[in-house]
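A.B. asks: For reference, each letter of the sequence shown is one residue, going 409 to 1184 in the working numbering.
Built from N, CA and C at the ideal position, the CB exists for glycine as well.
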Amino acid sequence: MKRFAVFFLALGLAATAAAQSIAFKLDGTVHQHKDTVTYYVNSGDNTVEGFVFHNNTEENMTVMASLVAMEAANGMAVTGSSNAVASNSSYFTNSFTLAAGADYSGCTFDLTVPGTLEAGDTGWFYMLVSDASTGNPDSSAGSYVFVCMVVAPEEGFTVFEEDFNSMVNSSSYFYTLPDGWTTIGDGQANYSNYSGFGDSWTGLNVSGDVGLVAASTSYLSSTGARANRWLVTPAITIPYGGLSLVFTLYGVSDSYPESLKVLLSTTTNEQEAFTTTLFNMSRVQAGGCDYVVDLSAYAGQTVYFAFVNYGKNGYYVLIDNVRVMSPIQNEIELTDLTLPTYAAMDEDMYVTGTVTNRGVAPLHEYQVRYSANGTVSAVYTVTGIDVALNGTHTFTHNVPYRPASTGQHTVEVTVSLPNGMDDDEENNTLSRAMTVYDAANTLKRNVLMENFTTAQCGNCPTAHSRIKNALRNRNDVIWVAHHVGYGTDSWTLQASNTLTRFYNANSTYAPALMLDRTRFEGDAFTNGDGEQAPGPVFLPASDVATAIQTASEVPAMVRVALDNTTYDAETRTVTTTVKAEFLNDMNMQSPRVTLYLIEDSLYGTQSGGSSNYQHDHVIRAAINGITGESGVITATTAGSTAEKTYTYTLNNAWRAEHCRLVAFVNNYNTANVNDCKVMNATISDYLHDGEVGIDAAEYVDLRLYPNPATEFCVLESADGIEEVRVMNALGQEQMMLRHDGSGQMCLETAELAPGVYVVKVKSSRGTVTRRMAVVR
409 MKRFAVFFLA LGLAATAAAQ SIAFKLDGTV HQHKDTVTYY VNSGDNTVEG
459 FVFHNNTEEN MTVMASLVAM EAANGMAVTG SSNAVASNSS YFTNSFTLAA
509 GADYSGCTFD LTVPGTLEAG DTGWFYMLVS DASTGNPDSS AGSYVFVCMV
559 VAPEEGFTVF EEDFNSMVNS SSYFYTLPDG WTTIGDGQAN YSNYSGFGDS
609 WTGLNVSGDV GLVAASTSYL SSTGARANRW LVTPAITIPY GGLSLVFTLY
659 GVSDSYPESL KVLLSTTTNE QEAFTTTLFN MSRVQAGGCD YVVDLSAYAG
709 QTVYFAFVNY GKNGYYVLID NVRVMSPIQN EIELTDLTLP TYAAMDEDMY
759 VTGTVTNRGV APLHEYQVRY SANGTVSAVY TVTGIDVALN GTHTFTHNVP
809 YRPASTGQHT VEVTVSLPNG MDDDEENNTL SRAMTVYDAA NTLKRNVLME
859 NFTTAQCGNC PTAHSRIKNA LRNRNDVIWV AHHVGYGTDS WTLQASNTLT
909 RFYNANSTYA PALMLDRTRF EGDAFTNGDG EQAPGPVFLP ASDVATAIQT
959 ASEVPAMVRV ALDNTTYDAE TRTVTTTVKA EFLNDMNMQS PRVTLYLIED
1009 SLYGTQSGGS SNYQHDHVIR AAINGITGES GVITATTAGS TAEKTYTYTL
1059 NNAWRAEHCR LVAFVNNYNT ANVNDCKVMN ATISDYLHDG EVGIDAAEYV
1109 DLRLYPNPAT EFCVLESADG IEEVRVMNAL GQEQMMLRHD GSGQMCLETA
1159 ELAPGVYVVK VKSSRGTVTR RMAVVR
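1. Suppose the cutoff is 7 angstroms on Cβ atoms and the five residues either side in sequence are ignored; what does the same chain contact list for residue 1171 look like?
2. Within the same chain, show all residues whose beta-carbon is closer than 7 angstroms to that of residue 938, passing over the 5 residues directly before and after it, in chain order.
3. Taking the straight line between their C-alpha atoms, what separation do you get for residue 786 and residue 829?
4. What span of residues does the beta strand (DSSP E) with residue 697 cover, start to end?
5. Let me make sure I understand the geometry here. Which of 697, 647 and 718 has the alpha-carbon closest to that of residue 671?
6. Which residues in the same chain as residue 675 place their Cβ atom closer than 7 angstroms to its Cβ, once the five residues preceding and following it in sequence are excluded?
7. Name the residue from 713, 697, 609 and 614 whose alpha carbon lies nearest to the alpha carbon of residue 568.
8. Would you identify the three-state DSSP class for residue 874, choosing helix, strand or coil?
9. So for residue 546, helix, strand or coil by DSSP?
10. Do you know offhand how far residue 1104's Cα is from residue 970's?
11. I need the DSSP call for residue 1246, collapsed to helix, strand or coil.
12. Contact between the segment 1015-1025 and the segment 1086-1093: three or more CB pairs below 8 angstroms?
13. Tell whether a beta-carbon distance below 7 angstroms holds between residue 920 and residue 860.
14. Taking the alpha helix (DSSP H) that residue 920 falls in, what are its first and last residues?
15. So who's on the other strand from residue 887, going by DSSP bridges?
16. Using 10 angstroms around the beta-carbon of residue 832, count the other beta-carbons present and answer buried if the total reaches 16, otherwise exposed.
17. Report yes if the CB atom of residue 1026 is closer than 7 angstroms to the CB atom of residue 899, and no otherwise.
18. Does the separation of the CB atoms of residue 781 and residue 817 fall below 7 angstroms?
19. Give me the DSSP bridge partner(s) of residue 1073.
20. Name the two residues that bound the continuous alpha helix (DSSP H) containing residue 952.
21. Between the segment 952-966 and the segment 991-1010, are three or more C-beta pairs nearer than 8 angstroms?
22. Under 7 angstroms, do residue 1169 and residue 1110 count as touching if we go by C-beta distance?
23. Rounded to a whole number of angstroms, what is the C-alpha to C-alpha distance between residue 794 and residue 686?
24. Hey, how far is the Cα of residue 1012 from the Cα of residue 626?
25. DSSP on residue 688, reduced to helix/strand/coil?
26. Need the endpoints of the beta strand (DSSP E) that residue 1029 sits in, please.
27. Write down the C-beta distance between residue 609 and residue 637 rounded to the nearest angstrom, noting that I regard them as a contact closer than 8 angstroms.
28. How many angstroms separate the CA atom of residue 1080 from the CA atom of residue 924?
29. Report buried or exposed for residue 876, applying the criterion of at least 16 other Cβ atoms within 10 angstroms of its Cβ.
30. Quick one: is residue 735 buried, meaning 16 or more other Cβ sit within 10 Å of its Cβ, or exposed?
31. Which class does residue 1160 belong to by DSSP, given the choice of helix, strand or coil?
32. Excluding the 5 residues preceding and the 5 following residue 1120 in the sequence, name in chain order all residues of the same chain whose CB lies nearer than 7 angstroms to its CB.
33. Roughly how many angstroms separate the alpha carbons of residue 765 and residue 618, rounded to a whole number?
34. Pull up the CB-CB distance for residue 837 and residue 742, whole angstroms please, since I reckon it's below 8 angstroms.
35. When DSSP labels each residue in this structure, what does residue 1166 get in the three-state scheme?
36. Can you tell which of 639, 614 and 570 has its C-alpha closest to the C-alpha of residue 594?
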């Protein structure tokens, strides 16, 4: 059943589409139709206040009380009477505003509305002012006072709507706009990759939750030219006041924003008829939200709306969900949750999120509650805020969650009651899964840093320098370069193209980074358009060191090692055993072991670099698949172990002395790119005949300090030290020392040039490598 609101100038009440008996209540007394109430006006007073509408039915109605006043002479009485609703009553044009006055008791009147109320109906009633002593009307007081009313729909009622979902595909991603919509082009050509947009507007299918929309670009072939591209609605009748134009506007780039305005015509859909500007945004920022424009001034008229893209060098702008409706007053959406991916058992974890005000009324308060593994929080009421339409507010629940067990925990957060009012709860709840671990059983992780780069990427050399600077004095990052994301080159491994799904977007870019295939949040993890990256891949900007540090602070709960690694130079085969040990319970949909072969010191032309640019960390082979091998790991509970031995033959063109193995344990989820995290990784020494060492194998204990070193570096190992080799970044051996097997030795570094070195230490339990930095 559709509900309607009845507006009596400053008064109103809700009524259902059925016969109603509407009464008025004053000081707790209900006055019905034809009741006569006598009141007395004090000397000097000339207003009456305090009329309250009363619902005299058994159906729910929303009452909106206000003040009603009328002129009255001293000693006059007011009696109530009414007329039935008269659609399109001529009295509507004679309406006037009654001002609020002083508070008087014992004064009311009533009105009965028979029949069915329809949107747009009008009616009136009158007050009769009588002399208290004679009961006769006093013409000097204005005996008959007419009050007009109009029936308008309750909030959310819609008279026009276009969601563009019925558009028909025309070519590729593009669709034909709905019937009745017209476009006016500017005759300008687009940049080649954007030719499909045409010179005005078109339908477009956008991935994710956006779907089918109207789209326009100002990315023109003529640099610096401004677009003038029009999208015009069909004719729309505005039947009464209280309605608004509501539309969803999406920007796609903060770096290359579009400009959009909305114009109105009350005559035709010809361009020159649009003389009124309703809305103007010179920089449409990335993201989408609803905008509301009041149309009360156009009640009773038929109008056209024009959405005009007047941007310059913008990517494109999107319009969706165009409506003429009575706007929602109180509505909120829980748009984000900030919860850790991992949380320590028996430690407080605060629940933080972001609420967006989707109602036209300013948001002053709302409630928050959460549940996690059977624990339900108390209600936290947020107050003392003032958030406009589309504005956001970040909350932190005042009661932290303290997980009492390890394993997978799901936190579900719900917001409600904006300004104390019920709202649509469909978008009020979000949940996040996190892994709770025992902090006593964790390791310092080695971060797997995957770099998307190609020889034609002109910005990649700058990014490489940034990354190298960020890695200075670090020995906990393993760098793998995938030559995809910006075309291909002679070092492209075709299998790496599979990993471009981690961009989680319709397009790719380079330079780009991915740390442990994990989507982190924050200013250091934005994409090429300056927006929060939707997947694990992000742009390595000036704060890339912050990004790497953030990833390194996540504890590792899986021990990964390469054991018994050997290389046979004659057959060019390398053999290794990948081992994994779970220290905490882990929830992994498809746990995998992955083994790559990478090569350093490859030289060739690089855009933005030189004709003899050095390419390092280049992936040469995904030995057991680019996303790893399932079935090796059969259990992910604490104490579980897994291992598998691999043998691989190197290509004759690859230089083994510049090749290393990279092994890691990862999850893989074909449906969710943000659920494919790397749990821990390790890297071998460069391949050479015989036994090959392992880097960061936690099975061998080794400490280096100080690191970075200046004059010396102390090596300590509980497994004893038998031999030490030091190699530079090119794999060239700088020194070899034999030791007596004791657990400590001092490595002199004064003769080493500043830089990063690989220290290979042989002990009683095997061989391990560490990185050592030398500084001056």
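C.D. replies: Straight from the coordinates:
1. The residue labelled residue 1171 in the question sits at position 763 within the sequence shown. Correct list, in chain order: 1108, 1125, 1127, 1128, 1129 and 1130.
2. Residue numbering aside, residue 938 sits at position 530 when the sequence shown is read from its first letter. 662 and 663, listed in sequence order.
3. Residue 786 sits at position 378 when you count from the first residue of the sequence shown. Residue 829 sits at position 421 when you count from the first residue of the sequence shown. Cα to Cα, the separation comes out at about 19 angstroms.
4. Locating residue 697 in the sequence shown gives position 289, counting from the first residue. Run containing residue 697: 695-702, per the beta strand (DSSP E) assignment.
5. The sequence position of residue 671 within the sequence shown is 263, counting from 1. Nearest C-alpha to residue 671: 718.
6. For this step, residue 675 is matched to residue 267 along the sequence shown. Once the five neighbours on either side are set aside, the close Cβ partners of residue 675 are 681.
7. Counting from 1 along the sequence shown, the entry for residue 568 is found at position 160. Considering only alpha carbons, the answer is 713.
8. Here residue 874 corresponds to residue number 466 of the sequence shown, with the count starting at 1. It is helical.
9. Here the question's residue 546 lines up with position 138 in the sequence shown. Residue confidence is low: residue 546 scores 37 on pLDDT, short of 50, so the model does not pin down where it sits. No coordinate-derived value is stated.
10. As a first step, residue 1104 must be located in the sequence shown, where it is residue number 696. As a first step, residue 970 must be located in the sequence shown, where it is residue number 562. Only weak support is given to the placement of residue 1104: the predicted model assigns it a pLDDT of 38, under 50, and the value that follows is read from those uncertain coordinates. Here the C-alpha atom of residue 1104 lies approximately 9 angstroms from the C-alpha atom of residue 970.
11. Outside the modelled stretch of the chain, which goes from 409 to 1184, sits residue 1246, for which no answer is possible.
12. no
13. Numbered from 1 along the sequence shown, position 512 holds the residue referred to as residue 920. Numbered from 1 along the sequence shown, position 452 holds the residue referred to as residue 860. Yes, the Cβ-Cβ distance between residue 920 and residue 860 is below 7 angstroms.
14. What you label residue 920 is simply residue 512 of the sequence shown in a count that begins at 1. Per DSSP, residue 920 belongs to no alpha helix (DSSP H); it is in the beta strand (DSSP E), 920-923.
15. Taking the sequence shown and counting its residues from 1, the one referred to as residue 887 is at position 479. Paired residues: 857.
16. As a working mapping, residue 832 is identified with position 424 in the sequence shown. It counts as exposed.
17. If you number the sequence shown from 1, residue 1026 lands on position 618. If you number the sequence shown from 1, residue 899 lands on position 491. Yes, these two residues count as a Cβ contact at 7 angstroms.
18. For the purposes of this step, residue 781 is taken as residue 373 along the sequence shown, with counting starting at 1. For the purposes of this step, residue 817 is taken as residue 409 along the sequence shown, with counting starting at 1. Cβ distance < 7 angstroms, so residue 781 and residue 817 count as in contact.
19. On the sequence shown, position 665 is the one that residue 1073 refers to. DSSP, once it has assigned bridges, lists 1001 and 1088 as partnering residue 1073.
20. Sequence index remark: in the sequence shown, residue 952 carries index 544 (1-based). Counting along the chain, the alpha helix (DSSP H) containing residue 952 begins and ends at 952-960.
21. With a cut-off of 8 angstroms on Cβ pairs, the segment 952-966 is in contact with the segment 991-1010, counting three or more such pairs.
22. Against the sequence shown, residue 1169 aligns to sequence position 761. Against the sequence shown, residue 1110 aligns to sequence position 702. Yes, they are a contact pair.
23. Residue numbering aside, residue 794 sits at position 386 when the sequence shown is read from its first letter. Residue numbering aside, residue 686 sits at position 278 when the sequence shown is read from its first letter. Distance from the CA atom of residue 794 to the CA atom of residue 686, rounded to whole angstroms, is 25 angstroms.
24. Start at 1 with the first residue of the sequence shown, and residue 1012 comes out as number 604. Start at 1 with the first residue of the sequence shown, and residue 626 comes out as number 218. In a straight line, the C-alpha of residue 1012 is about 37 angstroms away from that of residue 626.
25. Stepping through the sequence shown from its first residue, residue 688 is reached at position 280. It is a strand residue.
26. As a working mapping, residue 1029 is identified with position 621 in the sequence shown. Here the beta strand (DSSP E) through residue 1029 covers 1026-1030.
27. Your numbering for residue 609 matches position 201 in the sequence shown. Your numbering for residue 637 matches position 229 in the sequence shown. Rounded, the Cβ-Cβ distance is 6 angstroms, consistent with contact.
28. Taking the first residue of the sequence shown as position 1, residue 1080 is located at position 672. Taking the first residue of the sequence shown as position 1, residue 924 is located at position 516. One C-alpha to the other measures close to 15 angstroms.
29. Taking the first residue of the sequence shown as position 1, residue 876 is located at position 468. Answer is exposed; the Cβ neighbour count stays below 16.
30. To locate residue 735, count along the sequence shown from 1; it is residue 327. Answer is buried; the Cβ neighbour count reaches 16.
31. Taking the first residue of the sequence shown as 1, we reach residue 1160 at position 752. The answer is coil: DSSP assigns residue 1160 none of H, G, I, E or B.
32. Counting from 1 along the sequence shown, the entry for residue 1120 is found at position 712. The residues are 1154, 1155, 1156 and 1157.
33. Along the sequence shown, one-based indexing puts residue 765 at 357. Along the sequence shown, one-based indexing puts residue 618 at 210. Cα-Cα distance, rounded: 19 angstroms.
34. Looking up residue 837 in the sequence shown gives position 429. Looking up residue 742 in the sequence shown gives position 334. Taking a contact as a CB-CB distance under 8 angstroms, the pair residue 837 and residue 742 counts as one, their CB atoms being some 6 angstroms apart.
35. Looking up residue 1166 in the sequence shown gives position 758. Correct three-state label for residue 1166: strand.
36. Within the sequence shown, numbered from 1, the residue matching residue 594 stands at position 186. Answer by Cα proximity: 639.
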